[in-house]
Every structure is written in C-alpha cells, then in structure tokens.
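Numbering (my numbering), first residue to last: 7 to 397. The beta carbon of each residue, even a glycine, is placed where N, CA and C say it ideally should be. Model, not experiment: these values are computed from the prediction. Everything on this sheet refers to the single structure shown next.
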Ligand code: PMP
C-alpha cells in the first residue's frame with residue numbers, strides 16, 4: 007500500500023496506464039496537425055482524431071458530428087451558456103439553472119447577467135434535487151437554455167434529467183447537462199437523458215487533463231455561437247489545433263469506462279459502503295449529506311459533528327481528501343452546495359467529501375477508516391464544539 011491514499015477522485019483521477027500507453031505515439035511519432043491536408047503526417051493525425059471522436063461519441067450514445075472537443079468541462083460549460091445566450095444577438099435572453107451547479111456554470115451566469123441576460127437559479131431540496139416542475143414553471147418566453155448538472159461534484163446526487171427533458175422539450179427550450187462527474191461512473195446516454203447539450207471532461211474518468219467535449223444536438227439544432235474565433239468558418243464552433251494525443255487518450259478512457267462500467271461501479275460502490283459502515287458504526291453523530299439513493303458509486307459526503315473539517319484534513323496527511331470542490335476548497339468558505347441543502351455554516355464546515363475510484367483497494371479503505379476514526383475521536387476530545395453527552 008502506497009501513502010498517501012488518494013480519495014479525491016471528484017477533483018481529478020489518475021490517468022489510467024492504458025490511456026497513457028494509447029496516447030504516447032501521438033506526441034512525438036504521429037505528431038501531425040489534423041488540419042494539414044497536404045501530407046501523411048496530417049492524414050495520420052486526422053484519422054486518429056476521427057476515430058477518437060467516434061469512440062467518445064459512442065460512449066455518449068451520440069453521433070461524432072455532434073461532438074466538439076474543448077479544453078475541458080469549464081470551457082464546454084462556458085460555450086453552452088455564452089453560446090446560447092449570445093446566439094440571441096442582443097435580444098432578451100433568460101437562463102434557468104440551480105444553486106448547486108459547478109462554478110463554471112454559476113460564474114458564467116453571473117458574467118452573463120452583466121450582458122443583460124436574466125438568470126433564474128432554482129433551489130434544491132435537502133437531498134440536493136431540483137424539482138422538474140419548478141424547472142418547467144421557471145421557463146419564460148425568452149428562455150434560451152436550461153442547465154442542470156447530471157451528477158453533483160460534492161454530494162454525487164443524480165438529478166432527474168430525463169424527467170426535466172420531457173418538460174423542456176414540450177416547451178421547446180434546449181436542455182444542457184454538465185455530465186462531468188457522471189460520465190464513466192454511471193450510464194450517460196444523450197438519447198435516454200433527452201438532453202440537447204452535454205459537457206464532459208476526460209480527467210474525471212481516468213483520462214488526461216486538458217480535454218473535454220460539448221455534445222450539441224443537430225436535430226433540432228441548438229442555436230449556439232462560438233466563444234473562440236479563429237477557425238475561418240461559421241461552422242467552427244470551437245477553433246484551435248485539435249490536441250490529437252489528448253483526444254486519443256480521452257477515447258481510450260471512454261472505451262475502458264464503458265467496458266468496465268458495471269463491475270467497477272459495484273466494486274467502488276462496495277468500498278464506499280464499507281467505509282460508511284465502519285465510520286457510522288465506530289463514530290457517533292456523523293451524517294451523510296445528500297442522498298443514499300441515486301448517487302455516484304464513489305461518492306460519500308459526511309458531516310462529522312463537533313469537528314472542523316480543515317482540522318480533520320490536517321490531521322490526516324496519509325489521506326488525500328477535500329472538504330469540497332477543488333475549485334472552492336482554497337477559499338475556506340463553507341461549500342455553496344452544502345449550504346444549498348440547508349446545512350448551517352458549522353455543519354457545512356464539518357463536512358468532508360470522499361471520492362473513491364478505480365485504483366482504491368479494500369486494504370486502503372480499512373486503513374483510511376482506522377485513521378479517520380482515530381482522528382475524529384482525538385479532535386472531539388479537545389473540541390469546544392463537541393459535547394460528550396451527544397456521544
Ligand atoms: N463541472 C463539474 C461538475 C466538475 O466537477 C468540474 C471539475 N471540477 C468541472 C465542471 C470543470 O471541469 P474541467 O476541470 O474539465 O474544466
């Protein structure tokens with residue numbers, strides 16, 4: 007067993023060695039530009055890129071012609087939101103989203119508000135779920151997009167996307183979902199979900215960092231304008247030299263995830279359940295944030311009453327964990343997701359996110375549970391927040 011143990015798989019995942027192996031020839035051997043049409047280097051790169059797009063699209067149940075490679079999900083989310091709002095070319099526009107979205111959605115919405123786009127940010131219930139009826143009720147005559155994540159990055163809950171899609175479709179409004187956390191962990195199929203736009207990112211499914219994709223349905227086509235220019239054609243929704251090696255890696259990661267989806271989900275879910283069972287049987291007053299049902303197999307978000315999350319993380323240098331999303335964990339503010347569930351500041355700051363993944367072993371989970379129990383007991387014994395009578 008190697009220390010520290012990585013339990014932060016929502017932040018990023020280890021690139022699978024099989025993915026690295028697939029990518030390697032495309033750095034210094036087949037290094038051509040896929041847009042070079044006059045020589046064999048370009049043709050080789052173009053072939054690899056097209057095959058990769060086909061594989062990634064197949065993992066989403068999509069057509070490769072509906073897929074646009076981006077630098078990651080942040081860019082894909084920006085493209086979906088800015089692209090849809092700006093396609094109105096100055097006319098009134100309105101977007102519907104919810105409070106627990108990733109900052110790449112919420113911050114984009116804030117920036118769009120400065121461009122006179124109106125935004126409705128819907129609440130979630132204690133489980134973290136948005137109500138499909140509330141989404142339908144929020145739609146206005148100039149709504150250009152509804153954007154609701156498939157799985158939440160902190161509490162792992164899966165939103166009722168297919169149900170929401172029925173309602174948005176009936177109103178003729180495009181639905182975008184951020185499937186960054188769900189792709190490769192649970193079934194993600196654009197037809198079954200009924201979405202018009204979908205964002206994803208390779209580094210969350212054991213692929214390389216720096217590549218993601220936006221699925222854009224062609225029929226009926228979602229009106230989108232680019233946010234990057236430089237491709238020389240109106241059809242180029244995303245300009246820039248295609249990162250062929252990364253695309254090959256993304257494709258290999260998708261292939262492995264699709265092949266291993268079920269057994270891996272069962273195995274990782276089993277490890278997560280074992281961790282929860284040990285912690286809840288050996289420690290009083292711990293609560294799970296979010297849902298137990300309908301949650302990503304590797305996710306566990308726990309509130310350790312009477313313990314400051316930051317202090318717990320500092321006491322556990324052998325474990326790589328976080329108190330929330332990597333994008334906000336440097337801010338030392340309580341997570342906006344946990345606050346949206348109705349948790350008070352103290353409870354939110356006493357919460358830790360566990361992200362289990364492909365490379366975790368049963369031995370690691372037992373070790374992690376031993377160390378967490380020991381540290382929580384130690385911190386509670388000296389904490390003014392902890393009252394022994396609660397135990
Ligand atoms: N959406 C969600 C739900 C995420 O978890 C993340 C990564 N933290 C992103 C978007 C951004 O992805 P990327 O790192 O590929 O920009």
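Would you say the beta carbon of residue 316 comes nearer than 8 Å to a heavy atom of ligand 1?
Here residue 316 corresponds to residue number 310 of the chain shown, with the count starting at 1. Outside the cutoff, so no.
With a threshold of 8 Å, establish whether the CB of residue 158 neighbours any heavy atom of ligand 1.
Working through the chain shown from its first residue, we reach residue 158 at position 152. It does: the Cβ of residue 158 is within 8 Å (strictly closer) of some heavy atom of ligand 1.
How big is the Cα-Cα spacing for residue 254 and residue 196?
Counted from its first residue, the chain shown places residue 254 at position 248. Counted from its first residue, the chain shown places residue 196 at position 190. For residue 254 and residue 196, the distance between alpha carbons rounds to 21 Å.
Does ligand 1 have even one heavy atom less than 8 Å from the beta-carbon of residue 215?
Here residue 215 is taken as the residue at index 209 of the chain shown, counted from 1. Yes, Cβ of residue 215 sits closer than 8 Å to a heavy atom of ligand 1.
Quick check: is any heavy atom of ligand 1 less than 8 Å from the C-beta of residue 210?
On the chain shown, position 204 is the one that residue 210 refers to. Yes, ligand 1 has a heavy atom inside 8 Å of this Cβ.
With a threshold of 8 Å, establish whether the CB of residue 174 neighbours any heavy atom of ligand 1.
For this step, residue 174 is matched to residue 168 along the chain shown. Flag unset: Cβ of residue 174 not near ligand 1.
Exposed or buried, which one is residue 303 when buried takes at least 16 other CB atoms within 10 Å?
Sequence index remark: in the chain shown, residue 303 carries index 297 (1-based). Around the Cβ of residue 303, a 10 Å sphere holds 16 or more other Cβ atoms; the residue is buried.
Give the list of continuous beta strand (DSSP E) stretches no shorter than 3 residues that lie fully inside the segment 289-360.
Runs of the beta strand (DSSP E) inside the segment 289-360: 292-294 and 305-310.
Just reading off the beta strand (DSSP E) that residue 206 is part of, what are its end residues?
Looking up residue 206 in the chain shown gives position 200. Annotation for residue 206: the continuous beta strand (DSSP E) segment containing it runs 203-207.
I'd like the span of the beta strand (DSSP E) that includes residue 1, first residue to last.
Since the first residue shown for the chain is 7 and the last is 397, residue 1 is missing from the structure and cannot be characterised.
Of the listed residues 49, 148 and 80, nearest to residue 97 (C-alpha basis):
The residue labelled residue 97 in the question sits at position 91 within the chain shown. Of the candidates 49, 148 and 80, the one whose C-alpha sits nearest the C-alpha of residue 97 is 148.
Going by Cα to Cα distance, which pick from 247, 168, 319 and 289 is closest to residue 42?
As a position in the chain shown, residue 42 is number 36, starting the count at 1. For the residues 247, 168, 319 and 289, the minimum Cα distance to residue 42 belongs to 247.
Residue range of the beta strand (DSSP E) that includes residue 104:
Your numbering for residue 104 matches position 98 in the chain shown. 100-104 is the extent of the beta strand (DSSP E) around residue 104.
Quick one: Cα of residue 341 to Cα of residue 330, how far?
Looking up residue 341 in the chain shown gives position 335. Looking up residue 330 in the chain shown gives position 324. Going by the C-alpha atoms only, they are around 6 Å apart.
Alpha-carbon spacing of residue 44 relative to residue 168, whole angstroms:
Position 38 of the chain shown, counted from the first residue, corresponds to residue 44. Position 162 of the chain shown, counted from the first residue, corresponds to residue 168. In a straight line, the C-alpha of residue 44 is about 45 Å away from that of residue 168.
With burial defined as no fewer than 16 other Cβ atoms inside 10 Å of the residue's Cβ, what is the status of residue 22: buried or exposed?
In the chain shown, residue 22 corresponds to position 16, counting from 1. Of the residues assessed, residue 22 falls on the buried side of the cut-off, its CB having 16 or more other CB atoms within 10 angstroms.
Taking the runs of the alpha helix (DSSP H) that are 4 residues or longer, which of them lie wholly in the segment 103-156?
The segment 103-156 is shown to contain whole alpha helix (DSSP H) runs of 4 or more residues at 109-119 and 138-144, in chain order.
Three or more C-beta pairs below 8 Å linking the segment 66-86 and the segment 129-136:
Short answer: they don't touch.
Since I believe residue 179 is in contact with residue 185 (beta carbons under 8 Å), could you give me their beta-carbon distance rounded to a whole number of angstroms?
Along the chain shown, one-based indexing puts residue 185 at 179. Along the chain shown, one-based indexing puts residue 179 at 173. With a Cβ gap of about 19 Å, residue 185 and residue 179 do not count as contacting.
Local Cβ density within 10 Å of residue 29, reported as buried at 16 or more and exposed below that:
Within the chain shown, residue 29 is the residue found at index 23, counting from 1. Per the 10 Å Cβ criterion, buried.
How do the segment 311-321 and the segment 371-384 stand: do at least 3 beta-carbon pairs fall below 8 Å, yes or no?
Using a C-beta cut-off of 8 Å, the segment 311-321 makes contact with the segment 371-384, since at least three inter-stretch Cβ pairs fall below that distance.
Give the straight-line distance between the Cα atoms of residue 274 and residue 371, rounded to the nearest whole angstrom.
Translated into the one-based positions of the chain shown, residue 274 becomes position 268. Translated into the one-based positions of the chain shown, residue 371 becomes position 365. Straight-line Cα distance between these residues: approximately 11 Å.
Are residue 49 and residue 60 touching if we call contact CB-CB under 9 Å?
Taking the chain shown and counting its residues from 1, the one referred to as residue 49 is at position 43. Taking the chain shown and counting its residues from 1, the one referred to as residue 60 is at position 54. Contact: no.
Check each candidate in 129, 146 and 385 and name the one with the smallest Cα separation from residue 123.
Position 117 of the chain shown, counting from 1, holds the residue named residue 123. Ranking the options by Cα distance to residue 123, first place goes to 146.
Under the rule that 16 or more other beta-carbon atoms within 10 Å means buried, what is residue 383, buried or exposed?
In the chain shown, residue 383 corresponds to position 377, counting from 1. That one is exposed.
Distance cut-off 8 Å: residue 307 Cβ against heavy atoms of ligand 1
Looking up residue 307 in the chain shown gives position 301. No, the Cβ of residue 307 stays beyond 8 Å of every heavy atom of ligand 1.
Heavy atom of ligand 1 less than 8 Å from the Cβ of residue 430, yes or no?
Only positions 7 to 397 of the chain appear in this structure, which leaves residue 430 out of reach.
Whole-angstrom distance between residue 361 and residue 327, CA atom to CA atom:
By one-based count along the chain shown, residue 327 stands at place 321. By one-based count along the chain shown, residue 361 stands at place 355. Each residue's alpha carbon lies about 8 Å from the other.
CB contact flag (residue 363, residue 131, <9 Å)
Translated into the one-based positions of the chain shown, residue 363 becomes position 357. Translated into the one-based positions of the chain shown, residue 131 becomes position 125. Remark: C-beta atoms of residue 363 and residue 131 do not approach each other more closely than 9 Å.
Residue environment, residue 388, which counts as buried when at least 16 other CB atoms sit within 10 Å
The residue labelled residue 388 in the question sits at position 382 within the chain shown. Around the Cβ of residue 388, a 10 Å sphere holds fewer than 16 other Cβ atoms; the residue is exposed.
Residue 90 and residue 141 look like a contact to me (Cβ under 8 Å); what is the Cβ gap, rounded to whole Å?
Taking the first residue of the chain shown as position 1, residue 90 is located at position 84. Taking the first residue of the chain shown as position 1, residue 141 is located at position 135. So it is not a contact: roughly 16 Å between Cβ atoms.
Let me check you understand the geometry: is the CB of residue 5 closer than 8 Å to at least one non-hydrogen atom of ligand 1?
Since the first residue shown for the chain is 7 and the last is 397, residue 5 is missing from the structure and cannot be characterised.
Judging by CA-CA distance, which residue of 119, 155, 267 and 58 is the nearest neighbour of residue 107?
Indexing the chain shown from 1 puts residue 107 at position 101. Answer by Cα proximity: 155.
With burial defined as no fewer than 16 other Cβ atoms inside 10 Å of the residue's Cβ, what is the status of residue 8: buried or exposed?
Translated into positions along the chain shown, residue 8 becomes position 2. Residue 8 is exposed by the Cβ-count criterion.
Do three or more CB pairs link the segment 69-80 to the segment 266-281 at distances below 8 Å?
By the criterion of at least three beta-carbon pairs nearer than 8 Å, the segment 69-80 is not in contact with the segment 266-281.
Is it true that the CB of residue 164 sits closer than 9 Å to the CB of residue 125?
Taking the first residue of the chain shown as position 1, residue 125 is located at position 119. Taking the first residue of the chain shown as position 1, residue 164 is located at position 158. No, Cβ-Cβ distance for residue 125 and residue 164 is not below 9 Å.
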